[in-house]
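Protein chains in written order, with my numbering: chain S, 723 to 1028; chain D, 723 to 1028. Working notes, structure below.
Structure follows, in structure tokens:
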């Protein structure tokens, strides 16, 4: 049985796209309930100025709470060295910095070109090393950009190598825009791994904007990817249009992996119940997911025994 | 470039699950518009008693109309020999009979056990042969049953062999219940092909009830499957719950295949416009599809040139 790590990113990637501010107490219940369902890694927040993302202003408190849960790896997103210092002070296990492969997107989003981002990555790497945090770089817009359109695969490989030299311990390929297709996932995973090493690219961060999220997971699995980011209820909606979800849905991902005979360590029934916390704490917010509507197959537990 | 046949089943599988009766004139516009977008095979209706499915009572007229469209393969579903006679009289190119791998489901659905269904298949094969129609058997509930739960893969293989002996020219594996996962798709495709021959199993009929539809397509593609059924707007809703779609969405399937570098011969922009016919003719009916909400990637045409 292949062990697959499902990394929950809803409390960060989901909530940052939701206008409502989820109460700190509800975030804690959400994180604790997912951990109790068997989730072992959660990106709990982001160290960005509260005036930019008031939804995540309580990240330090959430990190401290999450650190009290035995066996949980507590991840925080950081946009820069200042954020990395905040994460270190709060006691995060791991930090992740998004590095946009589209320079236009990077400049518009964080006002930094590629050389400036590489300097930031170097500074984050130093802070992570000094404080014993794991340090990952998310290669965002790796599969295409809504501004630039096509993003050259050679450019992704080159920038990954530069980030490795700047101190990145690990990478994820991020389909920020929902542009990835399964053939591209296979191709780009191979190319980046050939440059940085198989052990340094183990994670895919996929969106379901055009419905291809789980199809892309299949391609990733076949390339040996062992960690997939996902968001409970596909939380975060869509940057484009209502009805199109953002992140792939944790519940649907777990159903697929367990049905395929992978071991996620997650109890799907317990996971589905965690949706109630979100429904209560974010009234009116659209919650996505097919498995929640249809229910798991009645033979889910026995199917791989046959 | 791999040529993939996207077979539209909305006018049959979609409409039979919709309570509203689509006007005959709208069905004709729908079929003509899809053909104009490059779709070359459409299952246009079902030869069942009008009192059972009033939505499809005009199937003979629809077949006759569809036959006037150059280059279009006109498929009709038939539940039995009587239906096959109707299809032959109407001039269909091809008929397909569903053969439920779960005997409980077969008995509840069409009041026939497996031996009775095999007799029906034999009779249909004779009618198809006499009238020059292509004859396919859809191995339904092949991936699991909402009544029986698990359906033995050995049983599917055995029943496919029996149907071949009874005169089936071709098979599709049908995930009637939305139970399939990518590992199972690969396994069962291999097993059935080993029994009936690769050239006799070229089609998958997948549902998206639990969000795994396109992930299952990826598995099918890797096994050499070259035909996928799909329904425009994912029409047909869900037998379980609102929000969970039925058939995989033709538009999303075409996006994925074209992005992967497969050749469907279908113009995605034209296909997306056909949705307007359904929106107008089926007021209030939920129309699914991620690509329609988010729009195709801006670099769709150039992405495989890079």
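We put the CB at the ideal spot given by N, CA and C, even for glycine. Fair warning: this is a prediction, and the values are worked out from it, not measured in the lab.
When secondary structure is reduced to three states using DSSP, residue 846/D falls in the helix class. Judged by DSSP secondary structure, residue 835/D falls outside any beta strand (DSSP E); it is assigned neither H nor E. What residue 977/S touches in chain D, judged by beta-carbon distance under 7 Å, is 932, going in chain order. Not a single C-beta of chain S is nearer than 8 Å to the C-beta of residue 830/D.
For residue 911/S, the enclosing alpha helix (DSSP H) stretches over residues 904 to 918. Between the beta-carbon of residue 937/D and that of residue 728/S there is about 15 Å, and that puts the pair past the 8 Å contact cut. The Cβ of residue 1016/S sits closer than 8 Å to at least one Cβ of chain D.
Residue 906/D is classed as buried because its beta carbon has at least 16 other beta carbons within 10 Å across all chains shown. By the neighbour-count criterion, in which a residue is buried when 16 or more other Cβ atoms sit within 10 angstroms of its Cβ, residue 852/S is exposed.
For a Cβ distance threshold of 7 Å, residue set 1021, 1024, 1025, 1028 of chain D lies close to residue 872/S, ordered along the chain. Closer than 8 Å at the C-beta level to chain S, one finds these residues of the segment 875 to 909 of chain D: 875, 899, 900, 901, 903, 904, 905, 906. Nearest C-alpha to residue 878/S among 868/S, 869/S, 896/S: 896/S. Residue pairing by DSSP places residue 969/S opposite 929/S in a beta bridge.
Neighbours of residue 811/S in chain D, taken as residues at a C-beta separation under 8 Å, are lacking, since the least C-beta distance is about 39 Å. The C-alpha of residue 910/S lies about 17 Å from the C-alpha of residue 951/S.
By the Cβ test, the segment 745 to 756 of chain D is not in contact with the segment 1011 to 1024 of chain S, since fewer than three Cβ pairs between them sit closer than 8 Å. Using a Cβ distance threshold of 8 Å, residue 788/S and residue 766/S count as a contacting pair. Using beta-carbon distances, residue 983/S counts as an interface residue toward chain D, with a partner under 8 Å.
With contact defined as three or more Cβ pairs closer than 8 Å, the segment 821 to 833 of chain S and the segment 786 to 800 of chain S are not in contact. When 925/D, 885/D, 1013/D are compared, the shortest CA-CA separation from residue 899/S is found for 1013/D. Nearest neighbour of residue 1010/D by Cα position, chosen from 985/D, 982/D, 977/D, 970/D, turns out to be 970/D. When DSSP states are grouped into helix, strand and coil, residue 872/D belongs to the coil group. Just so you know, the alpha carbons of residue 730/D and residue 1005/S end up roughly 38 Å apart.
With contact defined as three or more Cβ pairs closer than 8 Å, the segment 795 to 803 of chain D and the segment 839 to 859 of chain D are in contact. Residue burial annotation: residue 908/D is buried, with at least 16 other C-beta atoms found within 10 angstroms of its C-beta. In summary, no residue of the segment 988 to 1008 of chain D has a CB separated from any CB of chain S by less than 8 Å. Between residue 985/D and residue 760/D, the gap from beta carbon to beta carbon reaches 8 Å or more.
In summary, residue 749/D is buried, with 16 or more beta-carbon neighbours lying within 10 Å of its beta-carbon over all protein chains present.
Taking 8 Å as the CB threshold, residue 826/S stays off the interface with chain D. For residue 798/D, the uninterrupted beta strand (DSSP E) run begins and ends at 795 to 799, by DSSP. Along the segment 842 to 872 of chain S, the positions whose C-beta sits under 8 Å from a C-beta of chain D are 866, 868, 871, 872, read in chain order. Within the segment 933 to 947 of chain D, those residues whose Cβ lies closer than 7 Å to any Cβ of chain S are, in chain order, 933, 934, 936, 937, 939, 940, 941. Between residue 1012/D and chain S, the shortest Cβ-Cβ separation is below 8 Å. When CB distances to chain S are screened at a threshold of 9 Å, not a single residue of the segment 761 to 784 of chain D falls below it. The beta-carbon distance between residue 918/S and residue 864/S, rounded to whole angstroms, is 13 Å. This is too long to meet the 8 Å contact definition. DSSP, read as helix, strand or coil, puts residue 941/S in helix.
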